[in-house]
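Structure first, then comments.
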Amino acid sequence: MQSNLQKTVVSAAIGLALAVTGLNSHAAEWTWKVQSLWQPGTTNQKAFERFAANVNKMTGGRLEIKTLPVHSVVKHSETLEAVGAGILDGHHSGGAYFAGKEAGLQICTELNGAFENTYQAQLWFEYGGGTELCREAYAKFGTYYVGPVWFGQESMPFNKPLHSIDDFKAKGIKMRSPEGMGAAIWRRIGAGVVTLPGSEVFTALERGVIDGTDWGTLSMNQELGYHKIAPYPLYPGF
1287 MQSNLQKTVV SAAIGLALAV TGLNSHAAEW TWKVQSLWQP GTTNQKAFER FAANVNKMTG
1347 GRLEIKTLPV HSVVKHSETL EAVGAGILDG HHSGGAYFAG KEAGLQICTE LNGAFENTYQ
1407 AQLWFEYGGG TELCREAYAK FGTYYVGPVW FGQESMPFNK PLHSIDDFKA KGIKMRSPEG
1467 MGAAIWRRIG AGVVTLPGSE VFTALERGVI DGTDWGTLSM NQELGYHKIA PYPLYPGF
């Protein structure tokens, strides 16, 4: 990759971060290494691979994006710094995983309880200044925020039934969650918080390290088999 290319990052409601530069008809062919948050073979990883294939086609083969699954080069919690340092050319991840380093990155993934649906969130990014705020936050890491990537309403699977907020504390619930606003909410209602990548959630549930997880939609959770050992989903998420 040419040394004068501008670093860029994407991240969002599971965003996409890329090391970006302007393309023109005389540009040489580039190959970018972009690591995602997703496990190999999952629906989200396949969607990312389709995105990369579309980019390659639309640039006439000049730009190839290597779609690396979670932990291919660095840990899921290290991709932001890896992009800024040039180890990766981009990441497809979520700002909440880096909110401990910059609190403002939380809004680039989600504002818990702020929107009723993804349409409202997208409107805020496009017309309410959300994209500009995220670009300002990501610039502190030498990266560039491209924009958000959305999926449906999340569901949270648990290994025991929960009927009220009080149950989180009364039943000693240990919750997998990224650091940031979500983790603060779980602690506030009495749950213990454990930070894990999605690739370790099934084993953690199976071994009783956690009782539930904030991960993805009903279909995303079922694809990874969470329903087999955590058959009590809370829906919708917040």
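The opening residue of the sequence shown carries number 1287 in my numbering; numbering runs sequentially from there. Beta carbons are placed, not taken as given, at the ideal position from N, Cα and C, and that holds for glycine.
| Query | Result |
| --- | --- |
| Of the residues Leu1504, Ile1373, Glu1412 and Tyr1430, which one's Cα is nearest the Cα of Ser1525? | Outside the displayed span of the chain (1287 to 1524) sits residue 1525, for which this structure offers no information. |
| Starting from Arg1462, follow the alpha helix (DSSP H) in both directions and report where the run begins and ends. | Premise fails: Arg1462 lies in the beta strand (DSSP E), Lys1460 to Arg1462, not in any alpha helix (DSSP H). |
| Quick one: what's got a C-beta closer than 8 Å to Pro1519's C-beta in the same chain, skipping five residues either side? | Ser1441, Met1442, Pro1443, Phe1444, Leu1504, Asn1507 and His1513 |
| Tell me whether Ile1451 is buried or exposed, calling it buried when 16 or more other Cβ atoms sit within 10 Å of its Cβ. | exposed |
| In whole angstroms, what separates the C-alpha of Gly1523 from that of Lys1343? | 36 Å |
| Check whether the Cβ of Ser1363 sits closer than 7 Å to any heavy atom of the ligand COA, and report yes or no. | Absence of the ligand COA from the depicted structure is noted, as is the absence of any ligand whatsoever, leaving it without description. |
| Would you please state the rounded distance, in angstroms, between the beta carbons of Trp1316 and Arg1348? I believe it to be under 8 Å. | 7 Å |
| What does the alpha-carbon distance come out to for the pair Thr1307 and Gly1380? | Any answer about Thr1307 is weak, because its pLDDT of 44 lies below 50 and its placement is not dependable; what the coordinates show is given next. Roughly 22 Å between the two C-alpha positions. |
| May I ask you to report which of helix, strand or coil DSSP gives Ile1351? | strand |
| Please determine, among Thr1329, Ile1393 and Gln1325, the residue with the shortest C-alpha to C-alpha distance to Gly1416. | Ile1393 |
| Please list, in chain order, all residues of the same chain as Phe1334 whose beta carbon is under 7 Å from its beta carbon, the five residues on each side excluded. | Ser1322, Trp1324, Thr1353 and His1378 |
| Give me the residue from Ser1485, Thr1499 and Glu1422 with the minimum Cα distance to Thr1361. | With the sequence shown as reference, residue 1361 is identified as Lys, and Thr is not the correct amino acid for it. For the residues Ser1485, Thr1499 and Glu1422, the minimum Cα distance to Lys1361 belongs to Ser1485. |
| Whose C-beta lies closer than 6 Å to the C-beta of Asn1330 among residues of the same chain, with five residues either side of it excluded? | Trp1324 |
| According to DSSP, is Tyr1405 part of a helix, a strand, or is it coil? | helix |
| Assign Trp1316 to one of three DSSP states: helix, strand, or coil. | strand |
| Compute the Euclidean distance between the alpha carbons of Gly1478 and Ile1459, then round it to the nearest angstrom. | 6 Å |
| Let me know if Leu1374 comes out buried or exposed under the rule of 16 or more other beta-carbons within 10 Å of its beta-carbon. | buried |
| Based on DSSP bridge pairs, tell me the residues matched to Met1442. | Leu1520 |
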